[in-house]
Amino acid sequence: RKEVEQDPGPFNVPEGATVAFNCTYSNSASQSFFWYRQDCRKEPKLLMSVYSSGNEDGRFTAQLNRASQYISLLIRDSKLSDSATYLCVVLTSGTYKYIFGTGTRLKVLA
Amino acid sequence: EPEVTQTPSHQVTQMGQEVILRCVPISNHLYFYWYRQILGQKVEFLVSFYNNEISEKSEIFDDQFSVERPDGSNFTLKIRSTKLEDSAMYFCASSEGAPSKQFFGPGTRLTVL
Numbered sequence: 226r227k228e229v230e231q232d233p234g235p236f237n238v239p240e241g242a243t244v245a246f247n248c249t250y251s252n253s254a255s256q257s258f259f260w261y262r263q264d265c266r267k268e269p270k271l272l273m274s275v276y277s278s279g280n281e282d283g284r285f286t287a288q289l290n291r292a293s294q295y296i297s298l299l300i301r302d303s304k305l306s307d308s309a310t311y312l313c314v315v316l317t318s319g320t321y322k323y324i325f326g327t328g329t330r331l332k333v334l335a
Numbered sequence: 074e075p076e077v078t079q080t081p082s083h084q085v086t087q088m089g090q091e092v093i094l095r096c097v098p099i100s101n102h103l104y105f106y107w108y109r110q111i112l113g114q115k116v117e118f119l120v121s122f123y124n125n126e127i128s129e130k131s132e133i134f135d136d137q138f139s140v141e142r143p144d145g146s147n148f149t150l151k152i153r154s155t156k157l158e159d160s161a162m163y164f165c166a167s168s169e170g171a172p173s174k175q176f177f178g179p180g181t182r183l184t185v186l
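Residue numbers (my numbering), protein chains in the order written: chain A, 226 to 335; chain B, 74 to 186.
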């Protein structure tokens, strides 16, 4: 089983739509979780951390389910500029290394 | 806003040559990292560095690779004898602490011919 799994997509959605991505992780010792955004041939940019209680930042909401070992990202009112690859990232207790998922591609269509 | 910088943006080299990739982490950060991303694949951890020594490395980071912080600002990745399969985007990252959010530089695209 892959350490961090994501549906690669692409998810093609119209502007204004709500879209959700899920990510599962295999190591129950994982302690920190993040969503990053990556545009084509650019660096990953931090979108938001993910907390057990769930957290929201504007149109973006992240949730963590430790029991089922998955995290989610919800984007409301999608904009054309949201088109990118969304990377699920997990940090395991006692290590320094980020484990990346392969990413989910989102295309927001006009 | 402070950011991680990397040079060069693109490096082309012949197989077997040595390359040095350079990074300037965010100034108050204490932890530094190198990752790589082969075209079309996921980002992979190479090495983390703290207090002037390697704190963790992956199986990718073999004897051909080394890291150094030669002065108070630069952080370098050296590949001694490049192979075709070393062609990738190399990202430097830094964080204030560990575990903590990591901030990535724009990357160096390495092409090995």
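Ideal Cβ placement from N, Cα and C applies to all residues, glycine included.
Nearest to residue 167/B by alpha-carbon distance, out of 94/B, 87/B and 108/B, is 108/B.
In this structure, the CA atom of residue 118/B is about 7 Å from the CA atom of residue 324/A. Within 10 angstroms of the beta-carbon of residue 276/A lie fewer than 16 other beta-carbons, which makes it exposed.
For the stretch 256-286 of chain A, residues whose beta-carbon sits nearer than 9 Å to a beta-carbon of chain B comprise 256, 257, 259, 261, 263, 266, 267, 268, 269, 270, 271 and 274. Counting the other Cβ atoms within 10 Å of the Cβ of residue 88/B gives fewer than 16, which makes it exposed. Residue contact with chain B for residue 327/A: present (Cβ-Cβ distance below 9 Å to some residue of chain B). Contact residues of the stretch 122-147 of chain B toward chain A are 123, 128, 129 and 131 (C-beta to C-beta distance below 8 Å). By the Cβ criterion, the stretch 299-317 of chain A is in contact with the stretch 260-269 of chain A, since at least three pairs of Cβ atoms, one from each stretch, lie closer than 8 Å.
Taking a beta-carbon distance threshold of 9 Å, residue 151/B does not count as an interface residue toward chain A.
Just so you know, the alpha carbons of residue 94/B and residue 251/A end up roughly 33 Å apart.
Between residue 146/B and residue 111/B, the C-beta spacing is not below 9 Å. CA-CA distance, residue 302/A to residue 240/A, rounds to 7 Å. When the Cα atoms are used, residue 102/B and residue 170/B turn out to be separated by approximately 7 Å.
At a Cβ-Cβ threshold of 9 Å, residue 152/B and residue 91/B count as neighbours.
Where residue 111/B is concerned, there is no enclosing beta strand (DSSP E), because DSSP gives it neither an H nor an E.
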